[in-house]
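A.B. asks: Can you read through this structure? Questions will come right after.
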Amino acid sequence: MPPSHRLLNTQYRIRRAHPMTPFAERMLRRTASATPAELAEFQERHLKSLIRVAAARSRFYREWFAGAGVDPRTIQGLDDLGRLPLLDRSHLVTNVGRFRTRPASTMWSAHSSGTSGRVVTVYRTPWSAVVEHAILERQRRWFAVPARARSVILRGHVFGTDSVTRLVPGANQLLVSSFHLDDRHARRICDAVERFSPEVIEGWPSSIALLARQLRDRGRSMPVRVVVTSSEVTTAAQRALISESFAAPIADQYGQTERAAMAGVCEAGGYHVFPDYGIVELLPLPERPGRFEIVGTPLHNRGFPLFRYRTGDEVGPAPTTHCACGRAYPLIGTIDGRRDDAFTAADGRALPQPSIVLDDIQGLREAQIVQQGTGRFEIRLVPDTRYDADAVRTQARRNIDRYFGTGQQVNFVVMDRIPRTTAGKLRSAIVEPGPATVATGDGR
Ligand SMILES: [Zn+2]
């Protein structure tokens with residue numbers, strides 16, 4: 058079994074069969090019927106407990122409380138949260154080990170270049186993983202999806218040269234490569250998906266829309282119970298394609314690799330914050346009136362406590378109406394999260410969420426991949442203290458071969474700072490109009 062497949066099965070088994078799963082499910086059943094006051098009480102109880110752990114065992118917070126002259130015992134409730142400092146990616150880029158309250162070997166690590174191109178590492182406890190999974194399952198139940206429903210997953214998997222789908226029988230999942238949804242492979246993929254007869258389609262909206270288009274172009278449709286999207290903003294055109302081919306509601310999920318805040322769409326169409334996952338603050342953006350940054354304080358991760366983490370994701374004002382589902386979870390406005398430009402490989406294939414090739418590269422403070430022409434890419438790097446030029450180039454080249462296919466041109470540029478957009482954002486994947494004529498093979 059290839060390593061990626063083994064890893065998937067292992068992760069799945071741990072999350073489903075972990076002995077803590079029933080405790081997480083019981084906790085979530087209680088919060089699902091809670092009143093706003095009960096939810097606030099839940100959050101305060103968990104916040105106080107996390108503050109105690111962080112003040113005692115996280116080097117970052119121990120030093121912060123001492124330096125700021127704040128007695129951690131005085132952080133008693135949600136109103137006190139504002140006394141703690143805001144964190145952002147830069148804290149995790151430079152200080153990640155100082156946040157941990159237990160050895161790294163007892164937790165899972167995850168890496169991401171995220172929305173912003175700043176590369177971070179984070180840690181998750183088993184309980185944190187169990188809660189995350191239970192909350193995702195709960196959202197599926199709102200759409201009458203039974204446990205272990207047959208699900209087609211389109212989330213960036215690739216499986217080597219001649220395989221474009223892979224069955225994970227233990228998980229009732231069919232994984233579909235996000236990078237082969239072109240005319241050459243579409244028939245095989247559409248046939249495999251149809252044979253599998255899914256109840257749920259789940260993954261990146263850009264990939265799901267490519268599958269939806271391939272089905273539509275072949276005159277096929279495939280009604281399912283729900284389409285679960287995550288990791289990117291869904292455009293109106295993608296939404297229309299998805300609705301046409303799958304005849305199902307779209308349940309978007311919002312989260313980050315840092316797992317600071319979570320939100321999702323309910324069966325009545327409301328976009329809810331999940332207050333049993335974390336505390337969400339909306340930070341007004343002075344330069345963008347009416348827009349807010351999502352700031353999260355996760356309540357499920359005692360091994361890697363983060364308070365008031367700036368996600369870098371923007372949101373409009375929250376609706377003032379109540380959701381027809383009747384749950385006390387607050388509603389949130391439209392989230393403007395990860396939005397990679399669409400890339401094209403040398404052979405013309407569409408490449409959804411291209412910044413995936415940067416996600417596991419170590420030793421960088423910032424990273425960006427730029428498409429400068431068909432099959433022609435530039436990787437821009439800002440090294441950190443652990444930077445190893447050969448290792449970075451080798452890993453990036455390997456990722457590009459794996460996700461985009463061999464035969465792509467790649468050019469590396471080391472910078473002090475990656476240029477921001479006019480809105481001041483660092484984006485991890487962009488398309489730039491290349492020069493009209495190029496003197497050399499790589500356009501430099
Ligand atoms: Zn609702």
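Quick note: to get this note's numbering, add 57 to the position in the sequence shown (first position is 1).
Just so it is clear, CB atoms sit at the ideal spot from N, CA and C, and this is done for glycine as well.
Does the Cβ of residue 112 have 16 or more other Cβ atoms within 10 Å, making it buried, or fewer, making it exposed?
C.D. replies: Residue 112 is buried by the Cβ-count criterion.
A.B. asks: Quick one, what's near ligand 1 if you take every residue whose CB is closer than 6 Å to any heavy atom, in chain order?
C.D. replies: Qualifying residues, in the order they occur: 323, 325, 327, 329, 380, 382, 384.
A.B. asks: Run through DSSP, which three-state label would residue 154 get?
C.D. replies: Of the three classes helix, strand and coil, the one that applies to residue 154 here is helix, per DSSP.
A.B. asks: For residue 23 versus residue 409, is the C-beta distance shorter than 7 Å?
C.D. replies: Absent from the structure is residue 23, since the part of the chain shown begins at 58 and ends at 501.
A.B. asks: Can you list, in chain order, the residues of its chain with a C-beta nearer than 6 Å to that of residue 490? Leave out the 5 residues immediately preceding and following it.
C.D. replies: Taken in chain order, the list of residues that qualify is empty.
A.B. asks: Go to residue 444, then tell me how far its alpha helix (DSSP H) extends in each direction, as first and last residue.
C.D. replies: From DSSP, residue 444 is part of no alpha helix (DSSP H); its letter is neither H nor E.
A.B. asks: Can you look up residue 162 in the DSSP assignment and give me helix, strand or coil?
C.D. replies: Helix at residue 162.
A.B. asks: Taking the straight line between their C-alpha atoms, what separation do you get for residue 419 and residue 448?
C.D. replies: Looking at the two C-alpha atoms, the distance is approximately 9 Å.
A.B. asks: So which of 472, 350, 181, 387 has the shortest CA-CA distance to residue 373?
C.D. replies: Checked all of 472, 350, 181, 387; the closest Cα to residue 373 is 350.
A.B. asks: Leaving aside the five residues before and after residue 461 along the sequence, list all residues of the same chain whose C-beta is less than 6 Å from its C-beta, in chain order.
C.D. replies: Excluding residues within five positions, the ones whose Cβ falls inside 6 Å are 402, 408.
A.B. asks: For residue 482, I'd like the list of residues in its chain whose CB is within less than 6 Å of its CB, leaving aside the five on either flank, ordered along the chain.
C.D. replies: Excluding residues within five positions, none has a Cβ falling inside 6 Å.
A.B. asks: With which residues is residue 321 paired in a DSSP beta bridge?
C.D. replies: Answer is 310, 329.
A.B. asks: Which residue from 279, 288, 318 puts its Cα closest to that of residue 249?
C.D. replies: Answer by Cα proximity: 279.
A.B. asks: Can you tell me whether DSSP reads residue 424 as helix, strand or coil?
C.D. replies: Residue 424: strand per DSSP, three-state reduction.
A.B. asks: Is the Cβ-Cβ distance between residue 375 and residue 325 less than 7 Å?
C.D. replies: Not in contact: residue 375 and residue 325 (Cβ atoms no closer than 7 Å).
A.B. asks: Could you tell me whether the Cβ atoms of residue 467 and residue 475 are closer together than 7 Å?
C.D. replies: No, the pair does not count as a contact, with Cβ atoms beyond the cut-off.
A.B. asks: Helix or strand or just coil, what does DSSP make of residue 391?
C.D. replies: Coil at residue 391, not helix or strand.
A.B. asks: Is it the case that the segment 186 to 199 contacts the segment 316 to 323, given that we only count it when at least three CB pairs across the two stretches are under 8 Å?
C.D. replies: The answer is yes - the segment 186 to 199 touches the segment 316 to 323, with three or more Cβ pairs under 8 Å.
A.B. asks: Hey, how far is the Cα of residue 228 from the Cα of residue 347?
C.D. replies: Approximately 43 Å between the Cα atoms of the pair.
A.B. asks: Quick one: give me the first and last residue of the alpha helix (DSSP H) that residue 241 is part of.
C.D. replies: 240 to 253 is the extent of the alpha helix (DSSP H) around residue 241.
A.B. asks: Where in the segment 179 to 224 do unbroken runs of the alpha helix (DSSP H), each at least 4 residues long, occur, reported from the N-terminal end onward?
C.D. replies: Taking only runs of at least 4 residues, the alpha helix (DSSP H) segments lying wholly in the segment 179 to 224 are 183 to 199.
A.B. asks: Along the chain, where does the beta strand (DSSP E) containing residue 232 start, and where does it finish?
C.D. replies: Per DSSP, residue 232 belongs to the beta strand (DSSP E) from 230 to 233.
A.B. asks: Would you kindly report the start and end of the unbroken beta strand (DSSP E) that includes residue 339?
C.D. replies: Where residue 339 is concerned, the enclosing beta strand (DSSP E) stretches over 335 to 341.
A.B. asks: How would you write the range of the beta strand (DSSP E) that residue 370 sits in, first residue to last?
C.D. replies: Its beta strand (DSSP E) spans residues 366 to 372.
A.B. asks: Given a cut-off of 7 Å, decide if residue 133 and residue 336 are closer than it, judged by their beta-carbon atoms.
C.D. replies: No.
A.B. asks: Would you call the segment 254 to 269 in contact with the segment 290 to 299, where contact means no fewer than 3 C-beta pairs closer than 8 Å?
C.D. replies: Because the criterion of three Cβ pairs below 8 Å is met, the segment 254 to 269 and the segment 290 to 299 touch.
A.B. asks: Which term fits residue 214, buried or exposed, when burial requires 16 or more other beta carbons within 10 angstroms of its beta carbon?
C.D. replies: Buried is the call here.
A.B. asks: Using CA atoms only, rank isn't needed, just tell me which of 284, 442, 470 is closest to residue 450.
C.D. replies: Comparing Cα positions, the closest option is 470.
A.B. asks: Would residue 366 and residue 330 qualify as a contact pair, given that the criterion is a beta-carbon distance under 7 Å?
C.D. replies: Their beta carbons are not under 7 Å apart, which means residue 366 does not touch residue 330 by this criterion.
A.B. asks: Using only the alpha-carbon positions, how far apart do residue 118 and residue 166 sit?
C.D. replies: One C-alpha to the other measures close to 20 Å.
A.B. asks: Determine the DSSP secondary structure at residue 492, reduced to helix, strand or coil.
C.D. replies: Residue placement at residue 492 is poorly supported in this model, since its pLDDT is 42, which falls under 50; the coordinates are not used for a value here.
A.B. asks: Among 472, 360, 388, 390, which one has its Cα closest to the Cα of residue 424?
C.D. replies: Of the listed residues, the one whose Cα sits closest to residue 424 is 472.
A.B. asks: Does the distance from the CB of residue 320 to the CB of residue 257 come in under 7 Å?
C.D. replies: Cβ atoms of residue 320 and residue 257: not closer than 7 Å.
A.B. asks: So is the beta-carbon of residue 370 under 6 Å away from any non-hydrogen atom of ligand 3?
C.D. replies: As presented, the structure is devoid of ligand 3, carrying ligand 1 as its sole ligands.
A.B. asks: What is the DSSP secondary structure of residue 456, counted as helix, strand or coil?
C.D. replies: Residue state, collapsed to three classes: helix.
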